[in-house]
Structures are given as structure tokens and as C-alpha cells.
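> Here it is, the structure, as C-alpha cells.
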Amino acid sequence: MYDIKERVKVALICDRRGSFPVWFEWRGERIRIEKIHYKWVERKGQQVYCHFSVLSNNTLYHLVFHRDYMEWFLEGIEE
Amino acid sequence: MILHVDMDAFFASVEQATNPSLKGLPIAVAGAKKRTVITTASYEARKYGVKTGMTIEQALKLCPNLKIVVANFKKYEATSVEIIELLKCYGIVEVYSIDEAFIDIGKQNPLKIVSDFKKEIMRKFRITCSVGVGENKLLAKLASGLRKPDGFFWVKNLADIYNLSVSEINGIGKRTARKLSLIGIESIKDFINAPFYKIKKIMGISGIRILYLLRGDLKDYVKSYEDKPKSIGNSMTFDRDLFHKEEIYKALFQLAEKVGYRLRKECLEARHLSLIIRYKDFYTFSLEYTQNMSFNEEKEIFSIARKLIDSINLDKPVRLLGVSVSRLLPRIQKKLFESNREECYEAIDKIREKWGFDIITWGVVKDKYFHNKPISPAWRPNKIC
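Line by line, the protein sequences are chains A and B.
First residue of the first sequence: 1, per the numbering used here; consecutive thereafter.
First residue of the second sequence: 1001, per the numbering used here; consecutive thereafter.
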């Protein structure tokens, strides 16, 4: 996994199953998420980070949502 | 009836679920630093002989195609917390470790329950677990190890496990099994039928307890609560051996910080400190100190630890340091003339509660040593370790 740690713009769908990212924009490119392989929640003190391991075009992206600041980051990539 | 749930190759399984391209491949989860060992190997890797505790070099010699995955302990902790919440729907849960738990299901039929939660764990997390069922925790834990991975075994009669080796029993390791074998006790049947005095001579009271549990003369209850700890400790293995006192003091202070924070979180104070030192050549020893006045502040913990380390001649580079405190007492609030200091620590602890432990530290610890620590056996959900 290559570390990226950059802020990204993410589109989210919220339904009764929960909230899921559907695409994100990174370095000018819109990346459509084909599948969410894994998600987990990390707590640092009272700060909550929602992690998503998502697949697009055979590349695995690690997206993180910082709940308190409502910010999304691209944490890393694995091709 | 008690169930023991044991996640199969937990860390590796979570990584394979996170990245399905790793499914079916021999993978091993290891720490991020240079001097690191295998934390967990997938079952595919285990076929080549790759085991927990091996160095990466050793593992790659056995399995050149082995894919090493850097551990993400926060991910495993988060997954474990979710699995435990799921298991609580089925009975009273006692968390045994990050990947094991006991469930007391009372008089319910275990077959349907086990089938249900195995399916649910697979559906939600795409990982498997092995489950043992027994009249008590000892039997349930023994049973879960018999049909791994994705296994199930129910000890309905002791005769089902008579022929197994005593080393299958939790609490009997290879060394004890060897001692028992010298007096003719090799199987569980031999152990159950052995006279008390023979077991007591080799294993002491813990052996008698195991005997009573196996015979069904003793109950061990699943506890959903955590007892207060008897000791609190933290240790660090350094990615390069430390030789200079300043570096060692820095590491000691970091350990003291963690231990102090955990003590205050549990509303405890300590009267005894053990300092564990491991040299480069793996020679390990501890230095001990007890005082009448109890303590729980990192400055005091560090001061004691530093005095201990200054009392000896460190003649070799240090690979690992550990600080552990014991003889714990309930915390005394607001000691006379010390209320300012106590308020300072309260403020620091509140900041850590909100933002995480690493957000604040003392000025003396510049260039903090970053420690991607493995998960402690003492890990429990919502606990600081």
C-alpha cells in the first residue's frame, strides 16, 4: 500500500443500510467505486475515523472519513 | 453450555477480506519496522511452515512467494469490537483476547446458534471462526482448537477427548506435558484418572483446578465484566538497539506516560514498580522497587524507573524496555497541597480522552519514539493498552 494522505472530494449515498462512498475525485480525476471490500471504525480518543477499503479498476483505495471535521482523505493505494 | 469462539488466522483473514486479491495466497502480517516478526500467517502460508514469531527472513526461506502485509492493528481492533457486539446477541460474552471470546448460552441448543453467527460473521466480515462447545470454558476452548479452520466441535462426553494429548489443555504447555509424560500421564484420560498428589506435585494448585474442571466438579463462569487489573505495564521493542542514556530515558518516559495514564483511567495508584530490560543478546532481567507512598503520575513513575536504571551498569545495547506497576490501590483524590498538579493531569487526561493518547506529551519527550505496537494479550474493547 502506497501512502497518499491527501484530502479528496467524495460522493456518498445514504440509505437504510448505512452510508457508502460511490465516487471520489483525486488529482482532477473522478474515480468511480466498483466495490467496497471492507469498512471499519477507528477511535482516537473521541475522534472517530471511518475507513473504507474500495476497489476501482483493479486498484484498491483506502479512504478515511474524519467524522468530526466531515473531511475525507485518500490514505493509500494498492495496485 | 459454553462456547469458545476463535477467529481463524484473524489478522491475516482481515487483510484478505480487505484486499480480496490476497485470498488464497500465502500471506503473513508483520510489523512495519525493520526488526519485526510474523504476527499471523494465513492458513495458506502455514502449509509452508510459516509461524507466528518467525522473522521475515526465516518465513521467506520457507515460502518464497509469501506476501508480507504491514499490520494495521486499529483495523483488527475495530473488527474485533464489531464481532464481539454481534456475539452479544447470543449470550453473555467474555472477551478472552482480540480474536477469542467465550459465550454462555445457558440451556440453548448450540447447533443453531453456532450456525447462525458463523454465517453472520462470514456475511459481514468475510472471515471464518472455529467454535468449541463444552460444559465449561476449559472444555470449550480445548474443543475449538480441534477442527480448525472454520471448525466446530462439541464435547458431549469426556470420552470424546480421552485420547488427546494433555498438551491440548489450556494451561498445560510443552514443558509441563513433558514432565507429566515422565510419570506416565500423556493423554487426557491419563490426566483425569491420575491421583491428585501426582498432579499437584508437577503443576501445583493450577493442575488440581484443571483436574476438577475436566471431571466436572468445578464451574468456571463466563464473566461479562472485567476485574480491576492486578498490574499495569507497557513495553517497547526498539527497531534499533539503544545504548545512550538519553535515548533510554526518553523511551522510559514514554512508557511512564502510558502507564500513568492507564493507572489514572482505572482510578488506581501503585506501590511497586518493575523495570524490565532486555539486551541485544536477548538476556532479560528486571529491577524492582516498592515504596509505602502510592503513585500514579508519569513523573514519579519515570523518576523511580530512572533511579533503577541508573543503579546498574548498562554494559550492552538495549533491545527492549518495559515498565510495570503493581500492588494497586484505589486512587486517592486531591492529595493535600497537590491539587494544582492533579488538575494538570486531569486536563492532560481529558485532552487524551477527546483526541487520543498521542495528541499531547511532555516537553522533555522531543522526537518521540514511534511505536507501532502489537496488540497486547490484555486488550479488551474500550480499554487503553
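Glycine included, each C-beta is placed from N, C-alpha and C at the ideal position.
As the structure is a prediction and not an experimental result, all values here were calculated from the model.
Do P1020(B) and S1042(B) have their C-beta atoms closer together than 8 Å?
In this structure, S1042(B) does not lie closer than 8 Å to P1020(B) by Cβ.
> Given this structure, state the Cα-to-Cα distance separating E1346(B) from F1302(B), to the nearest angstrom.
If I take the Cα positions, the gap works out to 18 Å.
> Which residues bound the beta strand (DSSP E) around V1069(B)?
Counting along the chain, the beta strand (DSSP E) containing V1069(B) begins and ends at 1067 to 1070.
> Exposed or buried, which one is D1006(B) when buried takes at least 16 other CB atoms within 10 Å?
It is buried - the Cβ of D1006(B) has at least 16 other Cβ atoms within 10 Å.
> Distance cutoff 8 Å, beta carbons only. Does L60(A) sit that close to anything in chain B?
Closer than 8 Å: yes.
> Can you pull the chain A residues whose beta carbon is under 7 Å from the beta carbon of R1352(B), in chain order?
Within chain A, the residues near R1352(B) are G45.
> Please name the residue in C1344(B), K1245(B), E1353(B), E1300(B) whose C-alpha comes closest to that of K1316(B).
Checking every option, the nearest Cα to that of K1316(B) belongs to K1245(B).
> Pull the bridge partners of D15(A) from the DSSP assignment, please.
Answer by DSSP bridge pairing, in chain order: G18(A).
> Let me see if you follow: with CB-CB separation under 8 Å, is I1098(B) close to chain A or not?
Chain A contact via Cβ: absent.
> Taking 8 Å as the threshold (C-beta atoms), are L60(A) and E78(A) in contact?
Going by C-beta atoms, E78(A) is nearer than 8 Å to L60(A).
> Would you tell me roughly how many angstroms separate the C-alpha atoms of M1054(B) and I1038(B), rounded to the nearest one?
Approximately 5 Å, taken between the alpha carbons.
> Starting from I1359(B), find everything on chain A with Cβ-Cβ shorter than 8 Å and list it in chain order.
Under the 8 Å cutoff, chain A gives K44, G45.
> Check each residue of the region 1172 to 1186 of chain B: if its Cβ is closer than 9 Å to any Cβ of chain A, include it; give the result in chain order.
Under the 9 Å Cβ criterion, the region 1172 to 1186 of chain B contributes no residue.
> Alpha carbon to alpha carbon, how far is R30(A) from W23(A)?
Rounded to whole angstroms, R30(A) to W23(A) spans 7 Å at the Cα level.
> List the residues of chain B that W26(A) touches, going by C-beta distances under 9 Å, in chain order.
Within chain B, no residue comes near W26(A); the closest Cβ sits about 19 Å away, beyond 9 Å.
> Quick one: using the 10 Å Cβ neighbour count with 16 as the cut-off for buried, is L12(A) buried or exposed?
L12(A) should be labelled exposed.
> For the region 1273 to 1302 of chain B, list every residue whose C-beta sits within 9 Å of some C-beta in chain A, in sequence order.
Taking 9 Å as the Cβ-Cβ cut-off against chain A, none of the residues of the region 1273 to 1302 of chain B qualify.
> In chain order, what are the residue ranges of uninterrupted alpha helix (DSSP H) at least 4 long that sit wholly in the region 16 to 74 of chain A?
Fully enclosed alpha helix (DSSP H) runs of 4 or longer: not present.
> If you follow the alpha helix (DSSP H) that G1260(B) is part of, which residue opens it and which one closes it?
Its alpha helix (DSSP H) spans residues 1245 to 1265.
> Would you kindly check if the distance between the Cβ of A1030(B) and the Cβ of T1036(B) is under 8 Å?
Closer than 8 Å, so yes.
> Once DSSP output is grouped into helix, strand and coil, what is the label at P1026(B)?
Correct three-state label for P1026(B): coil.
> Where DSSP assigns a beta bridge to N1234(B), which residues make up the other side?
In DSSP, N1234(B) forms a bridge with V1323(B).
> Alpha carbons only, please: which of R32(A), I36(A), H66(A) is nearest the one belonging to S53(A)?
When only C-alpha atoms are compared, the closest one is I36(A).
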